[in-house]
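Numbering (UniProt numbering), first residue to last: 1 to 223. Idealized CB from N, CA, C, for every residue including glycine. Quick caveat, the model's predicted, so the values are computed rather than measured.
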């Protein structure tokens, strides 16, 4: 029995060694920031069993364990786990592939019936139906911000949606006043705190209240 247990422990340990990625100086990677999202970085050197990485935005180098570092390609991370992800990170794409929620340029397809289409934030916005493939519907947003494949649409009349589910409905006077008060409160709260972030990385780690501008630095988004 002891021999079997020893053998199983050996196989498990050997598997961990095989699965561990060995990084080299200069390797582009995704590095985890304080147990949260991963950001683009470059391997500087190996420090014992760990690695020192240089963040792409210029923040100070950090020493991380191998478990906190993923190769830039075949990283196995979900988009939500990458703090500075952009569409170009995925490389060449099948031109015939359909990606839900991806913003597409305006096509030559003739706009169809007026509808409400569900956006990725769960709210419905005014759009026009263009094409249907299976359970997905290609829509063009009424504000001409682009086209997108969505999985839920409602007729413009008789939609059955509650007011809080329609993202671009006309607000009442009371709602507009409440929104203005909320904006002023947020501005007073975040304008000072956002201005304290000195690098793009630190600004992006605020997740939503702050936005980075190469000229003016970090500031409150304003909504």
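Bridge partners of residue i, per DSSP?
{"i": "residue 219", "result": "211"}
{"i": "residue 38", "result": "32 and 82"}
{"i": "residue 116", "result": "126 and 154"}
{"i": "residue 170", "result": "The partner list for residue 170 (beta bridge, DSSP) is empty, contrary to what the question assumes."}
{"i": "residue 45", "result": "52"}
{"i": "residue 139", "result": "129 and 148"}
{"i": "residue 104", "result": "147"}
Is DSSP giving residue i helix, strand or coil here?
{"i": "residue 110", "result": "coil"}
{"i": "residue 50", "result": "strand"}
{"i": "residue 192", "result": "helix"}
{"i": "residue 165", "result": "helix"}
{"i": "residue 155", "result": "strand"}
{"i": "residue 147", "result": "strand"}
{"i": "residue 183", "result": "helix"}
{"i": "residue 61", "result": "coil"}
{"i": "residue 68", "result": "helix"}
{"i": "residue 176", "result": "helix"}
{"i": "residue 206", "result": "coil"}
{"i": "residue 200", "result": "helix"}
Contact check, residue i vs residue j under 8 angstroms by CB: the rounded distance?
{"i": "residue 204", "j": "residue 83", "result": "6 angstroms"}
{"i": "residue 168", "j": "residue 125", "result": "5 angstroms"}
{"i": "residue 53", "j": "residue 37", "result": "Not a contact, Cβ separation roughly 14 angstroms."}
{"i": "residue 119", "j": "residue 156", "result": "Not really, about 16 angstroms apart at Cβ, beyond 8 angstroms."}
{"i": "residue 129", "j": "residue 110", "result": "Going by Cβ atoms, the distance from residue 129 to residue 110 rounds to 11 angstroms, so no, they are not a contact pair."}
{"i": "residue 151", "j": "residue 135", "result": "6 angstroms"}
Could you check if residue i is buried or exposed, using at least 16 other CB atoms within 10 Å of its CB as the buried criterion?
{"i": "residue 106", "result": "exposed"}
{"i": "residue 140", "result": "buried"}
{"i": "residue 185", "result": "exposed"}
{"i": "residue 177", "result": "exposed"}
{"i": "residue 24", "result": "exposed"}
{"i": "residue 31", "result": "buried"}
{"i": "residue 174", "result": "exposed"}
{"i": "residue 182", "result": "exposed"}
What separation, rounded to the nearest whole angstrom, lies between the Cα atoms of residue i and residue j?
{"i": "residue 29", "j": "residue 63", "result": "13 angstroms"}
{"i": "residue 199", "j": "residue 214", "result": "10 angstroms"}
{"i": "residue 166", "j": "residue 172", "result": "13 angstroms"}
{"i": "residue 188", "j": "residue 220", "result": "10 angstroms"}
{"i": "residue 191", "j": "residue 154", "result": "39 angstroms"}
{"i": "residue 216", "j": "residue 196", "result": "12 angstroms"}
{"i": "residue 104", "j": "residue 50", "result": "41 angstroms"}
{"i": "residue 16", "j": "residue 67", "result": "In this prediction, residue 16 scores a pLDDT of 42, lower than 50, which makes its location untrustworthy; the coordinate-derived value is nonetheless stated afterwards. Straight-line Cα distance between these residues: approximately 11 angstroms."}
{"i": "residue 147", "j": "residue 46", "result": "46 angstroms"}
{"i": "residue 71", "j": "residue 160", "result": "47 angstroms"}
{"i": "residue 69", "j": "residue 137", "result": "38 angstroms"}
{"i": "residue 76", "j": "residue 145", "result": "31 angstroms"}
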